[in-house]
Amino acid sequence: MKQKNVLLAVGAHPDDLEFTSSGTIARMVDEGWDAYYLLCTDGSRGSKDPKMTHKRLAQIRRKEQVKAGKILGLKDIFFLNHTDTELVTDMTLKGEIVRIIRTVRPKIVFGWDPTFYYTEHSAWTDTAFINHTDHRAAGIATMDAVFPLSRDMLTFPEQLKEGLSAHRVEELWLYGAEKKAHVVNITSTFDKKIKALEVHASQFDDFPAIKKRVVNRALNFAEEEEFEFAESFIRLILP
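Start counting the sequence shown at 1; every next residue gets the next number (the numbering used here).
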């Protein structure tokens, strides 16, 4: 029996993957892949509303992410629930990611580009842009979890005792940086990307303005290609 194609997309917050990767993930789901999300934090700090509480915002953002996942056709979403803005790249976080990798056994993992610290001019803001501390932490932890930690059977031996055997991820696709690299045609799923992003209503004061930036970014990645909209990744094929 042929093994099912599985992908795992790791983000720091609810909405990270809708912004960066959801067109590609939706396309892969349409092509028969089983897709899973893993969110490292609860997103509980992302509000300008003075009446908002951490607990309430975390609940709202979890519901938004679940709804977005249904639009994209995800199999499941794993929430680690670390506190927003306080994510630390330590062995606890890496072990949590390894556990999910060994559970769903993906061929491809998506993660934040850990080398993306800042840019002097961002297509998102038309200004300089500093990548969020949680994005950077999640990117490093994801890369380390993919290689070598999930592969090596003597790493996190308690997981092996639970029946979670070592697993070799075949590819790591890094998202977030603004350079054009491995380009994926998302024209057929771009509407799903926008619908899934719009669900994260707690994050947007002016969604039409956000949508315009997302459209322009997708157009830019597809420039000189034979299709309209694209996402771009650094694609690492692993030994």
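Cβ atoms here follow ideal geometry from the backbone N, Cα and C, with glycine treated the same way.
Owing to the predicted nature of the structure, the values given are computational and were not obtained by experimental measurement.
Review point. What residue does the alpha helix (DSSP H) around residue 216 start on, and which one ends it?
Key: For the purposes of this step, residue 216 is taken as the residue at position 216 of the sequence shown. Looking at the DSSP string, the run of the alpha helix (DSSP H) that includes residue 216 is 207 to 221.
Point to revise | Residue interval of the alpha helix (DSSP H) (run including residue 104) | key: Here residue 104 corresponds to residue number 104 of the sequence shown, with the count starting at 1. It spans 91 to 104 - the alpha helix (DSSP H) in which residue 104 sits, taken as one unbroken run.
Review point. For residue 26, which residues from the same chain have a beta carbon less than 6 Å from its beta carbon, with the 5 sequence-adjacent residues on both sides left out?
Key: Residue mapping note: residue 26 aligns to position 26 of the sequence shown, counting from 1. So the list reads 72, 189 and 192, once near-sequence residues are dropped.
Check your understanding: Any chance the stretch 221 to 231 sits against the stretch 168 to 188, with 3 or more Cβ pairs inside 8 Å?
Key -> yes
Review point. Taking the DSSP output, what are the residues bridged to residue 173?
Key: In the sequence shown, counting from the first residue as 1, residue 173 sits at position 173. DSSP output for residue 173 lists 110 and 235 as bridge partner(s).
Practice item. Kindly indicate which three-state DSSP category residue 76 falls into: helix, strand or coil? Key: Along the sequence shown, one-based indexing puts residue 76 at 76. Residue 76: strand per DSSP, three-state reduction.
Review point. If you drop the 5 nearest sequence neighbours on each side, which residues of the same chain put their C-beta closer than 7 Å to that of residue 145?
Key: The count along the sequence shown starts at 1 and reaches residue 145 at position 145. Hits under 7 Å: 94, 97, 98 and 101.
Exercise for review: Take every Cβ of the stretch 102 to 112, pair it with every Cβ of the stretch 122 to 142, and state whether three or more of those distances are shorter than 8 Å.
Suggested key: Of all C-beta pairs linking the stretch 102 to 112 to the stretch 122 to 142, three or more are shorter than 8 Å, placing the two stretches in contact.
Check your understanding: Residues bridged to residue 36 by DSSP?
Key -> Indexing the sequence shown from 1 puts residue 36 at position 36. According to DSSP, residue 36 bridges with 8 and 76.
Practice item. Give a yes or no on whether the minimum CB-CB distance between residue 183 and chain D is below 8 Å. Key: Considering every chain present, this structure includes no chain D. It has just one protein chain.
Point to revise | Integer-rounded CB distance, given that residue 46 should sit under 8 Å from residue 240 | key: Here the chain covers residues 1 to 239 and nothing more, so residue 240 does not appear.
**Study point:** C-beta atoms of residue 69 and residue 135 nearer than 8 Å
**Key:** Start at 1 with the first residue of the sequence shown, and residue 69 comes out as number 69. Start at 1 with the first residue of the sequence shown, and residue 135 comes out as number 135. No. Outside cutoff.
**Study point:** Segments of 3+ residues assigned as beta strand (DSSP E) that fall wholly inside the stretch 136 to 182
**Key:** 171 to 175
Check your understanding: In three-state DSSP terms, what is residue 119?
Key -> Reading the sequence shown from its first residue, position 119 is the one you call residue 119. Here residue 119 sits in strand by DSSP.
**Study point:** Own chain partners of residue 57 with C-beta closer than 6 Å, once the 5 adjacent residues on each side are dropped
**Key:** As a position in the sequence shown, residue 57 is number 57, starting the count at 1. Within the same chain, residue 57 has close Cβ partners 44 and 47.
**Study point:** Spatial neighbours of residue 116 in its chain, beta-carbon cut-off 7 Å, leaving aside the 5 residues before and after
**Key:** The residue given as residue 116 occupies position 116 in the sequence shown. Only 131, 176 and 177 meet the Cβ criterion.
Practice item. Can you tell me the Cβ-Cβ gap for residue 39 and residue 8, rounded? I've got them flagged as a contact below 8 Å. Key: The residue you call residue 39 lines up with position 39 of the sequence shown. The residue you call residue 8 lines up with position 8 of the sequence shown. Contact doesn't hold; Cβ gap of about 12 Å is too wide.
**Study point:** Spatial neighbours of residue 164 in its chain, beta-carbon cut-off 7 Å, leaving aside the 5 residues before and after
**Key:** The count along the sequence shown starts at 1 and reaches residue 164 at position 164. If you ignore the 5 residues before and after residue 164, its C-beta comes within less than 7 Å of the C-beta of 99, 102 and 103, all in its own chain and listed in chain order.
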